[in-house]
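S.K.: Per my numbering, the sequence shown starts with residue 2, numbered consecutively.
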Amino acid sequence: MIAPARSRRGKKAIHTVASQPCAGEPVLHGPEFGINEWIVDEQYERYLRDPGSVDRTWRDFFSSPIPAARREPPKAATNAQDSADGAAAGAVRVAALIAAHRARGHLAADTNPLMTGRAVAHPELDIAAFGLRDEDLPEEFVVDGFAGQDSMTLRRVLEVLQDSYCRTVGTEYMHIHSSQERHWVQRRLESPQPRPDVAEQLHILYRLGAAESFETFLQTKYVGQKRYSLEGGESAIVLLDALLLRSIRQGVGEAVIGMAHRGRLNVLANIVGKPYAEIFREFEDAAAGGVPVPGSGDVKYHLGAEGTYRALDGGAIAVSVVANPSHLEIVGPVVQGVVRARQDRAADRSESFPVLPIVVHGDAAFAGQGVVSETLNMSQLPGYRTGGTVHIVINNQIGFTTSPAAGRSGTHATDVARSAGAPVFHVNGDDPEAVLRVARLAFDFRQAFHKDVVVDLLCYRRHGHSEVDDPSITQPAMYDRIDARPSVRALYAEELLRRGDIGERQVEGALRDFRGHLDRAFAEARARAVPRPRKPVDAADTRGVPLSPAARATAITETAARHVIASQTALPGDFTVHPRVLPQLQKRAAMLDADAIDWATAESLAVGSLLLDGIPVRLAGQDSRRGTFGQRHAVLTDRRAGTEHTPLNQLGTQAADFAPYDSMLSELAALAFEYGYALARPEALVLWEAQFGDFANGAQTVIDEYISASEQKWGQRSGVTLLLPHGLEGQGPDHSSARIERFLQLCAQENMTVAMPSLPGNYFHLLRQQALGGHRRPLIVFTPKSMLRSKAATSGLTEFTRGTFRPVVPDRTAVPAAIRRVLVCSGKVFHDLDAHRRESGRRDTAIVRLERLYPFPEEEFTAELARFPAEAEVRWVQEEPENQGAWTFVWPRVQRSTSRPVDCVSRPPAAAPAVGSAGRHAGEQRDLVVSAFR
Numbered sequence: 002m003i004a005p006a007r008s009r010r011g012k013k014a015i016h017t018v019a020s021q022p023c024a025g026e027p028v029l030h031g032p033e034f035g036i037n038e039w040i041v042d043e044q045y046e047r048y049l050r051d052p053g054s055v056d057r058t059w060r061d062f063f064s065s066p067i068p069a070a071r072r073e074p075p076k077a078a079t080n081a082q083d084s085a086d087g088a089a090a091g092a093v094r095v096a097a098l099i100a101a102h103r104a105r106g107h108l109a110a111d112t113n114p115l116m117t118g119r120a121v122a123h124p125e126l127d128i129a130a131f132g133l134r135d136e137d138l139p140e141e142f143v144v145d146g147f148a149g150q151d152s153m154t155l156r157r158v159l160e161v162l163q164d165s166y167c168r169t170v171g172t173e174y175m176h177i178h179s180s181q182e183r184h185w186v187q188r189r190l191e192s193p194q195p196r197p198d199v200a201e202q203l204h205i206l207y208r209l210g211a212a213e214s215f216e217t218f219l220q221t222k223y224v225g226q227k228r229y230s231l232e233g234g235e236s237a238i239v240l241l242d243a244l245l246l247r248s249i250r251q252g253v254g255e256a257v258i259g260m261a262h263r264g265r266l267n268v269l270a271n272i273v274g275k276p277y278a279e280i281f282r283e284f285e286d287a288a289a290g291g292v293p294v295p296g297s298g299d300v301k302y303h304l305g306a307e308g309t310y311r312a313l314d315g316g317a318i319a320v321s322v323v324a325n326p327s328h329l330e331i332v333g334p335v336v337q338g339v340v341r342a343r344q345d346r347a348a349d350r351s352e353s354f355p356v357l358p359i360v361v362h363g364d365a366a367f368a369g370q371g372v373v374s375e376t377l378n379m380s381q382l383p384g385y386r387t388g389g390t391v392h393i394v395i396n397n398q399i400g401f402t403t404s405p406a407a408g409r410s411g412t413h414a415t416d417v418a419r420s421a422g423a424p425v426f427h428v429n430g431d432d433p434e435a436v437l438r439v440a441r442l443a444f445d446f447r448q449a450f451h452k453d454v455v456v457d458l459l460c461y462r463r464h465g466h467s468e469v470d471d472p473s474i475t476q477p478a479m480y481d482r483i484d485a486r487p488s489v490r491a492l493y494a495e496e497l498l499r500r501g502d503i504g505e506r507q508v509e510g511a512l513r514d515f516r517g518h519l520d521r522a523f524a525e526a527r528a529r530a531v532p533r534p535r536k537p538v539d540a541a542d543t544r545g546v547p548l549s550p551a552a553r554a555t556a557i558t559e560t561a562a563r564h565v566i567a568s569q570t571a572l573p574g575d576f577t578v579h580p581r582v583l584p585q586l587q588k589r590a591a592m593l594d595a596d597a598i599d600w601a602t603a604e605s606l607a608v609g610s611l612l613l614d615g616i617p618v619r620l621a622g623q624d625s626r627r628g629t630f631g632q633r634h635a636v637l638t639d640r641r642a643g644t645e646h647t648p649l650n651q652l653g654t655q656a657a658d659f660a661p662y663d664s665m666l667s668e669l670a671a672l673a674f675e676y677g678y679a680l681a682r683p684e685a686l687v688l689w690e691a692q693f694g695d696f697a698n699g700a701q702t703v704i705d706e707y708i709s710a711s712e713q714k715w716g717q718r719s720g721v722t723l724l725l726p727h728g729l730e731g732q733g734p735d736h737s738s739a740r741i742e743r744f745l746q747l748c749a750q751e752n753m754t755v756a757m758p759s760l761p762g763n764y765f766h767l768l769r770q771q772a773l774g775g776h777r778r779p780l781i782v783f784t785p786k787s788m789l790r791s792k793a794a795t796s797g798l799t800e801f802t803r804g805t806f807r808p809v810v811p812d813r814t815a816v817p818a819a820i821r822r823v824l825v826c827s828g829k830v831f832h833d834l835d836a837h838r839r840e841s842g843r844r845d846t847a848i849v850r851l852e853r854l855y856p857f858p859e860e861e862f863t864a865e866l867a868r869f870p871a872e873a874e875v876r877w878v879q880e881e882p883e884n885q886g887a888w889t890f891v892w893p894r895v896q897r898s899t900s901r902p903v904d905c906v907s908r909p910p911a912a913a914p915a916v917g918s919a920g921r922h923a924g925e926q927r928d929l930v931v932s933a934f935r
């Protein structure tokens with residue numbers, strides 16, 4: 002559109018703008034762009050935000066008056082002014098043509114190896130859509146630095162645009178907000194692309210040969226066994242190889258890879274360096290019926306490994322693949338956590354992001370799994386940044402049997418990546434030289450801007466989802482083309498021979514040598530017995546170490562306690578604390594002398610004392626810095642200036658770092674990240690807090706696949722700690738239960754600790770035990786809500802300076818001989834029961850607190866029950882409905898310790914955890930407490 006603007010002489014001048022004209026002003030038509038008017042729109046919006054973000058031609062167009070262009074073909078210029086005006090209008094048309102290719106060129110790129118012939122021309126890229134004609138091809142136009150030139154013929158402009166945007170690489174980057182990043186990509190794409198030299202071509206050919214030979218060898222030797230072949234996508238090995246070579250030359254110290262099962266064995270063999278013989282032995286093991294291993298073990302295409310990638314020039318980089326379940330994409334945030342932990346451990350190095358995360362995806366999963374979006378959203382957040390991840394989408398153009406038309410709404414499988422401002426490079430997997438070029442471009446972008454980047458490797462899957470599946474049942478035409486298509490190695494070798502770059506002997510020699518190497522490894526695997534499993538990634542030698550008792554004392558000195566508490570009120574002189582927060586901090590300072598330490602203060606003492614012991618602590622969760630219930634205030638915000646202050650980071654130069662973060666509104670990716678962080682940083686206490694424990698079920702995949710089972714499946718031990726606010730308090734079904742029963746159902750083989758403390762002092766010792774103990778296994782803590790400010794739920798100072806965590810809290814108020822009834826419970830309900838006992842004067846009832854539910858403290862619990870008469874009845878009391886909570890788990894264990902029947906006092910079985918009415922809840926709670934004493 003063209004809207005009028007006032008010239009310096011008071012007359013109306015014509016400017017091209019993207020918005021509607023002002024009311025009452027006439028609309029005049031400028032250069033007609035037809036279906037490409039959106040380009041003028043977009044450029045003008047950028048011009049208004051930042052004139053420097055658009056090319057000079059656009060700046061001139063938007064800032065200088067030009068006459069309205071005619072819709073009819075231009076006539077011969079009648080004077081110099083008309084000639085200049087025509088040149089200006091032509092320059093704008095060519096600038097719009099260039100902008101259209103930058104934004105839409107990927108739609109016409111030749112990136113699909115299964116497409117016959119060239120990609121169909123896109124109507125928005127036709128020169129006629131810009132008012133240009135074939136007669137204009139030899140004409141010279143101002144191009145304002147495009148391809149490094151001031152002016153070019155239209156024919157040459159089109160050639161450069163085709164080479165840059167419409168060959169075997171299509172690029173999406175105009176959605177990026179930063180003009181600096183866009184211009185960086187533009188310069189790299191629009192510059193001449195030299196062909197690889199002979200040494201690089203031979204290296205590509207060797208890598209393709211290694212990938213192909215490995216797969217065909219397995220197909221021949223282990224017919225009918227699943228391996229999730231990389232065949233059709235062998236260029237992924239070229240891509241990973243190029244990334245690691247670039248990393249070595251740029252001084253990156255380590256790469257961590259996360260990927261699903263497709264191509265995993267090939268990556269382990271040809272990138273990580275896992276010996277071929279060891280992989281073959283795993284196939285032999287499967288054929289022989291399996292060999293006993295510690296725990297359950299897992300299938301070979303889920304296992305992780307670590308090794309060293311070595312370049313031909315002697316350079317090397319540590320590289321690992323993280324173990325993963327079949328749940329596609331969940332490994333992505335785990336990788337981010339592992340990488341962030343290793344970067345934090347290496348914080349004293351000059352390189353700010355010395356570890357490179359690489360995540361390999363499938364096309365259907367990248368588009369379909371929501372955790373991908375969550376992980377991309379993490380990429381620039383303070384608590385989660387890893388300096389940019391290189392995402393590789395092995396785009397088979399199919400799911401299991403689902404076609405893209407049924408699997409996603411967008412044009413590309415990678416459309417979700419645009420939300421993170423990541424450039425996306427679509428590359429034809431059958432052009433390995435283009436793959437090499439894109440790999441280098443992607444790595445360089447990551448290094449330059451520390452942002453995520455996506456490589457969409459369009460290829461195909463030569464077999465079905467697995468080697469025993471027949472894909473031609475659902476995609477017959479597609480698989481007819483695949484069956485007829487030579488491998489990428491064969492196509493590339495043919496191209497090199499055709500161009501005369503290498504000879505036939507070089508092609509066959511490399512392949513023959515590699516096949517001989519595989520034959521020797523296969524013979525070795527058949528001859529040798531299956532060895533003990535290799536040490537898994539990030540495994541510690543702690544298998545068999547009991548979870549209790551703690552390896553080290555957890556009490557602290559009074560001096561240490563007072564030093565930690567002093568930090569809460571020792572604020573900078575110019576810092577203004579919020580008036581609602583300051584009294585809470587001051588109360589903490591008085592609690593030690595009052596012998597009434599609450600939960601938040603106990604937590605501060607646990608974290609602060611660990612920092613003094615040299616143990617770093619990381620806390621993350623939604624609103625965790627303040628605390629969901631306004632109790633923590635780990636980070637203070639200046640009431641006037643908005644600056645932040647973290648009291649526990651002011652304990653002295655010898656103290657470790659405290660890293661509290663507010664997470665994004667996510668459970669799945671957020672918890673997976675913390676699992677990975679704790680896995681890679683076993684010396685730290687890593688805390689993840691749910692806003693309410695109920696919401697932890699949004700991360701159920703992480704809990705099931707990693708937290709409960711990773712040690713048994715992969716020998717992986719993560720000491721991540723989950724803080725789950727729990728308690729029925731009249732807040733409705735979704736703010737009451739952290740689903741204790743689900744965690745307890747997963748408990749076996751001492752795979753985790755599950756606890757529900759009722760006192761701040763015991764919570765303090767529990768956290769310190771987790772950080773200082775010899776084991777590294779997950780800790781699940783059901784934390785309080787109303788108890789945070791309950792006067793009954795406080796601890797004296799001596800509970801912190803003496804003793805350790807108590808899995809069973811005995812009833813010291815009861816006279817054992819007078820007891821007729823023993824109530825056993827966990828958590829908040831104790832305080833309700835104890836209050837009723839005191840109010841009713843009942844002296845015949847003891848209340849024993851089971852603070853650790855798993856591992857069940859049978860020895861301590863049996864000893865406590867033995868204090869009471871054998872005829873005393875035993876009841877389990879819980880707030881939760883009978884079919885929920887801990888009852889079904891503790892019942893056989895309590896009965897075994899008591900040698901007598903055990904009754905349950907609870908709410909009746911229910912589908913929902915709690916009622917929605919606060920009044921109804923209060924009535925239920927009264928009835929439950931009273932019935933426990935009947």
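We treat Cβ as the ideally placed atom computed from N, Cα and C, and that holds for glycine.
Report the partner residues of L458 according to the DSSP bridge assignment.
M.R.: For the purposes of this step, residue 458 is taken as the residue at position 457 of the sequence shown. According to DSSP, which records beta bridges pairwise, L458 is partnered with I395 and V428.
S.K.: Please return the same chain residues whose Cβ sits closer than 7 Å to the Cβ of L240, not counting the five positions on each side in sequence.
M.R.: Against the sequence shown, residue 240 aligns to sequence position 239. Contacts found: I393, V436, A440, V456 and L458.
S.K.: Under the three-state reduction of DSSP, which class applies to E675: helix, strand or coil?
M.R.: What you label residue 675 is simply residue 674 of the sequence shown in a count that begins at 1. Looking at E675 - three-state DSSP - the assignment turns out to be helix.
S.K.: Taking 7 Å as the CB-CB limit, is E307 close to chain C?
M.R.: Protein chain content of the structure displayed is limited to a single chain, and chain C is not contained in it.
S.K.: Taking the straight line between their C-alpha atoms, what separation do you get for A288 and L269?
M.R.: Along the sequence shown, read from residue 1 onward, the residue named residue 288 stands at position 287. Along the sequence shown, read from residue 1 onward, the residue named residue 269 stands at position 268. The predicted model places A288 with a pLDDT of 48, which falls under 50 and marks its position as unreliable; any figure quoted below should be read in that light. Straight through space, the alpha carbons of L269 and A288 are spaced by roughly 21 Å.
S.K.: F783 bridges to which residues according to DSSP?
M.R.: By 1-based counting over the sequence shown, the position of residue 783 is 782. The partner list for F783 (beta bridge, DSSP) reads L725.
S.K.: Closest to F367 by C-alpha separation, out of A342, S796 and S410, would be which residue?
M.R.: Along the sequence shown, read from residue 1 onward, the residue named residue 367 stands at position 366. Ranking A342, S796 and S410 by Cα distance to F367 puts S410 first.
S.K.: What are the start and end residues of the alpha helix (DSSP H) that includes A129?
M.R.: Locating residue 129 in the sequence shown gives position 128, counting from the first residue. Note, A129: premise wrong, no alpha helix (DSSP H); not H, not E.
S.K.: What ranges does the beta strand (DSSP E) occupy inside the segment 618-657, keeping only unbroken runs of at least 3 residues that lie completely in it?
M.R.: At a cut-off of 3 residues, the continuous stretches assigned as beta strand (DSSP E) that sit fully inside the segment 618-657 are 618-622.
S.K.: Excluding the 5 residues preceding and the 5 following A556 in the sequence, name in chain order all residues of the same chain whose CB lies nearer than 8 Å to its CB.
M.R.: Within the sequence shown, numbered from 1, the residue matching residue 556 stands at position 555. Taken in chain order, the residues that qualify are H766, F801, T802, R803, G804 and T805.
S.K.: Which residues bound the beta strand (DSSP E) around I258?
M.R.: Along the sequence shown, read from residue 1 onward, the residue named residue 258 stands at position 257. Start and end: E255 to M260.
S.K.: Are the beta-carbon atoms belonging to L377 and A421 less than 7 Å from one another?
M.R.: Indexing the sequence shown from 1 puts residue 377 at position 376. Indexing the sequence shown from 1 puts residue 421 at position 420. Yes. Within cutoff.
S.K.: Please identify the residue among F890, H176, A867 and T117 whose C-alpha is closest to the C-alpha of R419.
M.R.: As a working mapping, residue 419 is identified with position 418 in the sequence shown. Shortest Cα-Cα distance from R419 to any of F890, H176, A867 and T117 involves H176.
S.K.: I'd like to know whether the C-beta atoms of G259 and V373 end up nearer to each other than 7 Å.
M.R.: As a working note, residue 259 is residue 258 in the sequence shown. As a working note, residue 373 is residue 372 in the sequence shown. No, these two residues do not count as a Cβ contact at 7 Å.
S.K.: Have a look at V782, F515, R839 and K222 and flag the residue whose alpha-carbon is nearest the alpha-carbon of Y855.
M.R.: Mapped onto the sequence shown, residue 855 falls at position 854. The shortest Cα separation from Y855 among V782, F515, R839 and K222 belongs to V782.
S.K.: Excluding the five sequence neighbours on either side, which residues of its own chain have a C-beta within less than 7 Å of the C-beta of R119, listed in chain order?
M.R.: For the purposes of this step, residue 119 is taken as the residue at position 118 of the sequence shown. Once the five neighbours on either side are set aside, the close Cβ partners of R119 are D111.
S.K.: Does the separation of the CB atoms of A92 and V143 fall below 7 Å?
M.R.: Residue 92 sits at position 91 when you count from the first residue of the sequence shown. Residue 143 sits at position 142 when you count from the first residue of the sequence shown. Against a cut-off of 7 Å, the Cβ pair of V143 and A92 comes out as a contact.
S.K.: From T475 to V121, what distance separates their C-alpha atoms?
M.R.: Indexing the sequence shown from 1 puts residue 475 at position 474. Indexing the sequence shown from 1 puts residue 121 at position 120. The alpha-carbon atoms of T475 and V121 are separated by roughly 26 Å.
S.K.: When the Cα of G728 is compared with those of V825, F831, R821 and A749, which residue comes out closest?
M.R.: Within the sequence shown, residue 728 is the residue found at index 727, counting from 1. Selected option, being the one with the closest Cα: F831.
S.K.: Taking H107 as the reference, which of A97, R94 and H123 has the closest Cα?
M.R.: If you number the sequence shown from 1, residue 107 lands on position 106. The candidate whose alpha carbon is nearest that of H107 is H123.
S.K.: For a quick check, are the C-beta atoms of L780 and Q771 less than 7 Å apart?
M.R.: Along the sequence shown, one-based indexing puts residue 780 at 779. Along the sequence shown, one-based indexing puts residue 771 at 770. With a cutoff of 7 Å on beta-carbon distance, L780 and Q771 are scored as near each other.
S.K.: Compare the beta carbon distance of P910 and N884 with 7 Å and say whether it is the shorter of the two.
M.R.: Along the sequence shown, read from residue 1 onward, the residue named residue 910 stands at position 909. Along the sequence shown, read from residue 1 onward, the residue named residue 884 stands at position 883. In this structure, N884 lies closer than 7 Å to P910 by Cβ.
S.K.: Closest by CA to R589, which one among Y676, T577 and E604?
M.R.: To locate residue 589, count along the sequence shown from 1; it is residue 588. The shortest Cα separation from R589 among Y676, T577 and E604 belongs to E604.
S.K.: Quickly, what does DSSP pair Y662 with across the bridge? List them, please.
M.R.: Numbered from its first residue, the sequence shown carries residue 662 at position 661. BP columns for Y662 point to A621.
S.K.: With a CB to CB cut of under 8 Å and the five nearest residues on each side skipped, what residues in its chain are close to D845?
M.R.: Within the sequence shown, numbered from 1, the residue matching residue 845 stands at position 844. Only A819, I820, R821 and R822 meet the Cβ criterion.
S.K.: Quick one: residues in its chain with C-beta nearer than 8 Å to the C-beta of G338, no 5 flanking neighbours on either side, listed in chain order?
M.R.: Here residue 338 refers to the residue found at position 337 when the sequence shown is read from its first residue. Result list for G338: A673, F674, E675, Y676, G677, Y678, A679, L680 and A681, in chain order.
S.K.: In whole angstroms, give me the CA-to-CA distance for L824 and G371.
M.R.: For this step, residue 824 is matched to residue 823 along the sequence shown. For this step, residue 371 is matched to residue 370 along the sequence shown. Going by the C-alpha atoms only, they are around 45 Å apart.
S.K.: What residues in its chain sit with their C-beta under 6 Å from that of S664, if we drop five residues either side in the sequence?
M.R.: Here residue 664 is taken as the residue at index 663 of the sequence shown, counted from 1. Same-chain partners within the cutoff: A621, G622, Q623 and A671.
S.K.: Need the endpoints of the alpha helix (DSSP H) that D345 sits in, please.
M.R.: Translated into the one-based positions of the sequence shown, residue 345 becomes position 344. Element bounds for D345: V332 to R346.
S.K.: At a cut-off of 6 Å, is D299 close to the ligand SAM when judged by its beta-carbon and the heavy atoms of the ligand?
M.R.: Looking for the ligand SAM in the displayed structure turns up nothing, as the structure carries no ligands at all.
S.K.: Going by alpha carbons, who is nearest to Y166 out of L98, A211, E859 and T570?
M.R.: Working through the sequence shown from its first residue, we reach residue 166 at position 165. Nearest of L98, A211, E859 and T570 to Y166, Cα basis: L98.
S.K.: Ignore the nearest five residues each way along the sequence and tell me which others in A306's own chain have a CB closer than 6 Å to its CB.
M.R.: Mapped onto the sequence shown, residue 306 falls at position 305. For A306, where only same-chain residues beyond five positions count, the Cβ hits under 6 Å are L269, V273, K275 and V322.
S.K.: Please work out which residues of its chain come closer than 6 Å, Cβ to Cβ, to R1, disregarding the five sequence neighbours upstream and downstream, and give them in chain order.
M.R.: Here the chain covers residues 2 to 935 and nothing more, so residue 1 does not appear.
S.K.: Throw me the rounded Cβ distance for the L669 and S709 pair, which I believe falls under 8 Å.
M.R.: Within the sequence shown, numbered from 1, the residue matching residue 669 stands at position 668. Within the sequence shown, numbered from 1, the residue matching residue 709 stands at position 708. That belief does not hold up - the Cβ atoms of L669 and S709 are roughly 16 Å apart, past 8 Å.
S.K.: Can you round the beta-carbon distance between L666 and A697 to whole angstroms, since I take them to be within the 8 Å contact cut?
M.R.: Within the sequence shown, residue 666 is the residue found at index 665, counting from 1. Within the sequence shown, residue 697 is the residue found at index 696, counting from 1. Not confirmed; about 14 Å, so no contact.
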